[in-house]
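> As you go down the protein sequences, you meet chains A and B in turn.
The numbering of the first sequence is the working numbering, which starts it at 1 and goes up by one.
The numbering of the second sequence is the working numbering, which starts it at 1 and goes up by one.
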Amino acid sequence: WSHPLKQVFVTFPGDIIKNMTDVELAESYLKKFGYLETQQHRSGFQSMVSTEKALKMMQRQMGLEETGKLDKSTLEAMKQPRCGVPDVAN
Amino acid sequence: YQTFAGDLKWDHHDITYRIINYSPDMESSLIDDAFARAFKVWSDVTPLTFTRLFDGTADIMISFGKEDHGDPYPFDGKDGLLAHAYPPGEGVQGDAHFDDDEFWTLGKGAAVKTRYGNAEGAMCHFPFTFQGKSYTTCTTDGRSDNLPWCATTADYSRDKKYGFCPSELLYTFGGNADGAKCVFPFTFLGEEYDSCTTEGRSDGYRWCATTDNFDIDKKYGFCPSRDTAVIGGNSEGEPCHFPFEFLGKKYDSCTSVGRGDGKLWCGTTDNYDEDRKWGFCPDKGYSLFLVAAHEFGHAIGLEHSTVRDALMYPMYSYVENFSLNKDDIEGIQYLYGRGTGPDPSPAPTATQPDPTDEPTPPPTTRPVNPTKDACKMINFDAITVIAGELHFFKDGYYWNKPGKGDEELRGPFSISERWPALPPVIDTAFEEPLTKKLYFFSGTRFWVYTGKNVLGPRSIEKLGLPKSIQKVDGALQKGTAKVLLFSGENFWRLDVKAQKIDPGYPKQTDIAFAGVPNDSHDVFQYNGHYYFCRDRFYWRMNSRRQVDRVGYVKYDILKC
């Protein structure tokens with residue numbers, strides 16, 4: 001058996017850095033497209049924001065299974081090319 | 001479907017749009033066409049009309065930009081966010097912005113329209129073979145002047161059809177040099193440049209001077225992207241350099257090694273490790289038509305839909321033969337109602353005309369929808385003389401006006417009532433003088449009416465017009481058997497009897513008809529004059545081909 005190839009990642013000059021963890025990506029996505037903001041607006045308290053609820057809203061919008069979890073299909077959907085207009089009005 | 005809070009919508013139906021700038025990824029005519037088709041998606045199912053303005057403020061201002069592009073919502077480089085648009089209203093509301101870090105195409109890879117050569121501006125055909133070798137991109141092989149070219153059919157050796165590909169050595173766009181080509185080297189702020197540069201600009205667009213000294217002449221233009229150019233990175237516009245060295249290893253093709261996102265990239269010099277110059281490799285790109293149709297949906301009042309197959313679903317996916325989903329149609333008709341034109345329906349089966357048929361008088365037509373006022377139209381889809389009367393076509397309706405005198409305009413009448421096989425938008429129509437057959441052109445199809453009998457739709461290619469033509473803009477009769485068909489900047493002569501384009505065509509409109517706009521959207525003949533219309537104006541030409549009058553269609557011809 002050969003040794004597994006060691007994957008090396010490089011920081012490319014001029015690249016817009018998108019090296020985010022999955023959780024960071026999800027949070028940024030939910031905020032950018034209005035899911036978290038709506039939750040904040042309704043509850044009135046930032047600390048009360050429920051990522052699970054926001055994820056469920058997003059999953060419903062995208063026709064995904066509403067798990068409220070950051071599962072593989074949700075993460076994949078968040079990486080797809082899309083329109084920049086928020087899904088939830090703000 | 002969803003609409004914006006408070007059902008934001010336009011308070012008028014004659015929406016205007018203006019294209020502020022262009023992407024270097026596609027020829028401007030392809031971009032114009034993609035936007036026009038995207039608007040038509042919506043005007044086909046609503047009473048909305050979309051008219052292009054070339055200056056001033058339009059309802060929908062369309063622009064390309066990168067990252068921070070002047071509003072609070074920056075783009076994010078290649079992929080991710082593709083575009084955004086604002087709901088109807090004043091100012092930035094209604095505007096649509098497209099991320100120019102994307103590779104804009106028609107959805108299936110670089111859309112390369114040629115110039116010059118002998119292919120009348122046809123699109124490149126990839127792959128094509130040349131001297132036994134297959135090419136999937138434009139090439140400079142076989143030339144000593146370094147100009148990239150392509151074949152416009154699959155086999156150059158057989159068909160010998162070719163044209164030149166976008167290159168800064170051929171032309172620029174935008175800027176202030178009327179499309180002149182770059183001059184290398186050129187001087188900018190005392191430095192010499194041998195290629196297009198982004199220096200001196202904050203928006204990332206590549207430019208060049210069109211004289212040898214920008215500091216003195218101040219003449220410049222933007223460089224069109226070559227189809228082989230990388231996208232983004234730090235070498236936008238440069239081609240990949242194969243092989244290139246990366247982390248001590250040589251690569252002969254694009255690779256995703258070194259990246260966590262799997263995107264293919266390449267070095268643009270022979271050694272990435274030393275020069276660190278790179279970019280993403282060209283891919284299928286995003287269909288500007290599909291993305292624009294989606295964004296224009298926002299611009300006229302629709303929010304994102306939850307229906308996966310709807311145009312207003314937020315994610316991009318490419319579809320070959322696009323049609324609006326029921327959800328999109330219901331959404332937009334909730335805001336504006338149904339189009340007052342006919343429903344899209346399959347054309348009736350073509351029937352062969354019986355040569356013994358007497359020409360039938362036009363059926364009794366009754367005006368429909370008197371609120372449709374010809375005097376309120378900014379322009380018309382087509383204008384022509386039928387049975388001695390001037391006819392004006394627009395979005396499923398037509399009006400007519402007797403050829404002589406100042407008699408009032410009649411209509412609107414429904415196109416579908418009188419000519420049931422026709423679609424709502426007619427680009428050109430003409431009457432054959434001898435047989436009184438009526439020819440109607442819409443997009444790439446045409447119909448021939450003899451009385452009530454109709455032949456068609458048939459492809460305009462059958463007449464010998466090139467595939468690249470998206471529509472026929474106008475027609476002028478030449479005697480009894482020939483008709484000049486205008487499209488874009490060219491015209492062709494149709495032998496009506498043979499139903500074929502004569503050899504020796506196309507010819508350039510601005511050479512044969514000097515002084516009229518070479519992007520007229522209506523061309524017709526009336527009372528012995530040729531008329532070329534652009535926007536709300538007409539240029540009238542006499543039989544000696546001299547422009548003897550320029551005026552308003554509305555006041556001078558319609559007598560509004």
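Beta carbons: idealized from backbone N, C-alpha and C, even for Gly.
Would the region 31 to 38 of chain A count as touching the region 244 to 264 of chain B if we require 3 or more Cβ pairs under 8 angstroms?
Cβ pair count under 8 angstroms is below three, so no.
> Buried or exposed: where does B:F296 fall if 16 or more other Cβ atoms within 10 Å of its Cβ makes it buried?
Counting from 1 along the second sequence, the entry for residue 296 of chain B is found at position 296. It is buried - the Cβ of B:F296 has at least 16 other Cβ atoms within 10 Å.
> Using 10 angstroms around the beta-carbon of B:A387, count the other beta-carbons present and answer buried if the total reaches 16, otherwise exposed.
Looking up residue 387 of chain B in the second sequence gives position 387. The residue in question, B:A387, is exposed, as its Cβ has fewer than 16 Cβ neighbours within 10 Å.
> Apply the 10 Å Cβ neighbour rule to B:E191 and answer buried if 16 or more other Cβ atoms are within range, or exposed otherwise.
Position 191 of the second sequence, counted from the start, is the residue given in the question as residue 191 of chain B. Classification for B:E191: exposed.
> Please report the straight-line C-alpha distance between B:L494 and B:G233, rounded to a whole angstrom.
Reading the second sequence from its first residue, position 494 is the one you call residue 494 of chain B. Reading the second sequence from its first residue, position 233 is the one you call residue 233 of chain B. Cα to Cα, the separation comes out at about 49 angstroms.
> Kindly confirm or deny that the region 297 to 310 of chain B and the region 8 to 15 of chain B touch, where touching means at least three C-beta pairs closer than 8 angstroms.
Counting Cβ pairs under 8 angstroms, three or more are found: they touch.
> Opposite B:A83 in the DSSP bridges: which residues?
Locating residue 83 of chain B in the second sequence gives position 83, counting from the first residue. B:A83 pairs with A:C83 and B:F98.
> B:S323 to B:T187, Cα distance in whole Å?
Translated into positions along the second sequence, residue 323 of chain B becomes position 323. Translated into positions along the second sequence, residue 187 of chain B becomes position 187. Approximately 50 angstroms between the Cα atoms of the pair.
> So, helix, strand or coil for B:K376, using DSSP?
As a first step, residue 376 of chain B must be located in the second sequence, where it is residue number 376. Residue state, collapsed to three classes: helix.
> Kindly indicate the opening and closing residues of the alpha helix (DSSP H) around B:M61.
For the purposes of this step, residue 61 of chain B is taken as the residue at position 61 of the second sequence. B:M61 -> not in any alpha helix (DSSP H); beta strand (DSSP E) instead, spanning I60 to G65.
> Quick check on this structure: which residue in B:V112, B:G89 and B:A83 has the alpha carbon closest to the alpha carbon of B:D100?
Locating residue 100 of chain B in the second sequence gives position 100, counting from the first residue. Closest option to B:D100, Cα to Cα, is B:A83.
> Inspect the beta-carbon positions of B:T51 and B:I378 and report whether they are closer than 8 angstroms.
Along the second sequence, one-based indexing puts residue 51 of chain B at 51. Along the second sequence, one-based indexing puts residue 378 of chain B at 378. Closer than 8 angstroms, so yes.
> Is there at least one Cβ from chain A nearer than 8 angstroms to B:W10's Cβ?
Numbered from 1 along the second sequence, position 10 holds the residue referred to as residue 10 of chain B. No, its Cβ sits nowhere closer than 8 angstroms to a Cβ of chain A.
> Flag B:M315 as yes if its beta-carbon sits less than 8 angstroms from any beta-carbon of chain A, otherwise no.
One-based indexing of the second sequence puts residue 315 of chain B at position 315. With 8 angstroms as the cut-off, B:M315 counts as an interface residue toward chain A.
> Give the interface partners of B:H84 over in chain A, defined as CB-CB distance under 7 angstroms, in chain order.
Your numbering for residue 84 of chain B matches position 84 in the second sequence. Under the 7 angstroms cutoff, chain A gives C83, G84 and V85.
> Buried or exposed: which applies to B:N400, given that a residue is buried once 16 or more other Cβ atoms fall within 10 Å of its Cβ?
Indexing the second sequence from 1 puts residue 400 of chain B at position 400. Buried is the call here.
> Closest Cβ-Cβ distance between B:N271 and chain A: below 8 angstroms?
The residue given as residue 271 of chain B occupies position 271 in the second sequence. No, because no Cβ of chain A sits closer than 8 angstroms to the Cβ of B:N271.
> If you draw a straight line from the C-alpha of A:F45 to the C-alpha of A:A54, how long is it?
Taking the first sequence and counting its residues from 1, one reaches residue 45 of chain A at position 45. Taking the first sequence and counting its residues from 1, one reaches residue 54 of chain A at position 54. Confidence at A:F45 is low in this model, with a pLDDT of 49, below 50, so the placement of that residue is unreliable and no value is reported for it.
> Kindly identify the DSSP beta-bridge partner or partners of B:I15.
For the purposes of this step, residue 15 of chain B is taken as the residue at position 15 of the second sequence. DSSP, once it has assigned bridges, lists B:F50 as partnering B:I15.
> When you compare the CB of A:A91 with every CB in chain B, is at least one pair closer than 8 angstroms?
The requested residue 91 of chain A is not part of the displayed model; chain A covers only 1 to 90.
> Quick one: grab the DSSP three-state call for B:L438.
In the second sequence, residue 438 of chain B corresponds to position 438, counting from 1. Note: B:L438 maps to strand in three-state DSSP.
> Output the residue ranges of the beta strand (DSSP E) runs that lie fully inside the region 246 to 318 of chain B and measure 3 residues or longer, sorted by chain position.
For the region 246 to 318 of chain B, whole beta strand (DSSP E) runs of length 3 or above, ordered along the chain, are 249 to 251, 265 to 267 and 278 to 280.
> Could you check the C-alpha separation between B:R85 and B:K372 for me, to the nearest Å?
Numbered from 1 along the second sequence, position 85 holds the residue referred to as residue 85 of chain B. Numbered from 1 along the second sequence, position 372 holds the residue referred to as residue 372 of chain B. Sequence inspection shows Ala at residue 85 of chain B; the Arg mentioned does not correspond to that position. Near 29 angstroms, if we compare the C-alpha coordinates of B:K372 and B:A85.
> From A:G14, A:A26, A:L36 and A:F9, pick the residue whose C-alpha is nearest to that of A:L75; which is it?
Working through the first sequence from its first residue, we reach residue 75 of chain A at position 75. Nearest option by C-alpha distance: A:A26.
> Taking Cβ positions, are B:G262 and B:Y1 nearer each other than 8 angstroms?
Here the question's residue 262 of chain B lines up with position 262 in the second sequence. Here the question's residue 1 of chain B lines up with position 1 in the second sequence. No, the pair does not count as a contact, with Cβ atoms beyond the cut-off.
> Determine whether the Cβ of B:E199 lies closer than 8 angstroms to any Cβ atom of chain A.
Stepping through the second sequence from its first residue, residue 199 of chain B is reached at position 199. By this cut-off, B:E199 is not an interface position.
> Going by Cα to Cα distance, which pick from B:T450, B:A122, B:G77 and B:P433 is closest to B:E102?
Here the question's residue 102 of chain B lines up with position 102 in the second sequence. Minimum Cα distance to B:E102 is reached at B:G77.
> CA-CA distance, B:E432 and B:V496?
Mapped onto the second sequence, residue 432 of chain B falls at position 432. Mapped onto the second sequence, residue 496 of chain B falls at position 496. Distance between the alpha carbons of B:E432 and B:V496 is about 8 angstroms.
> Identify whether B:E469 lies in helix, strand or coil by the three-state DSSP scheme.
In the second sequence, residue 469 of chain B corresponds to position 469, counting from 1. Per the sequence presented here, residue 469 of chain B reads as Ile, with Glu not at that position. In this structure, B:I469 counts as coil in the three-state DSSP scheme.
> Alpha carbons only, please: which of B:Y336, B:C124 and B:G221 is nearest the one belonging to B:R201?
Indexing the second sequence from 1 puts residue 201 of chain B at position 201. Nearest of B:Y336, B:C124 and B:G221 to B:R201, Cα basis: B:G221.
> With C-beta atoms as the reference, is B:I20 less than 8 angstroms away from B:L48?
By 1-based counting over the second sequence, the position of residue 20 of chain B is 20. By 1-based counting over the second sequence, the position of residue 48 of chain B is 48. Against a cut-off of 8 angstroms, the Cβ pair of B:L48 and B:I20 comes out as no contact.
> How is B:K497 classed by DSSP in three states: helix, strand or coil?
Locating residue 497 of chain B in the second sequence gives position 497, counting from the first residue. Residue state, collapsed to three classes: coil.
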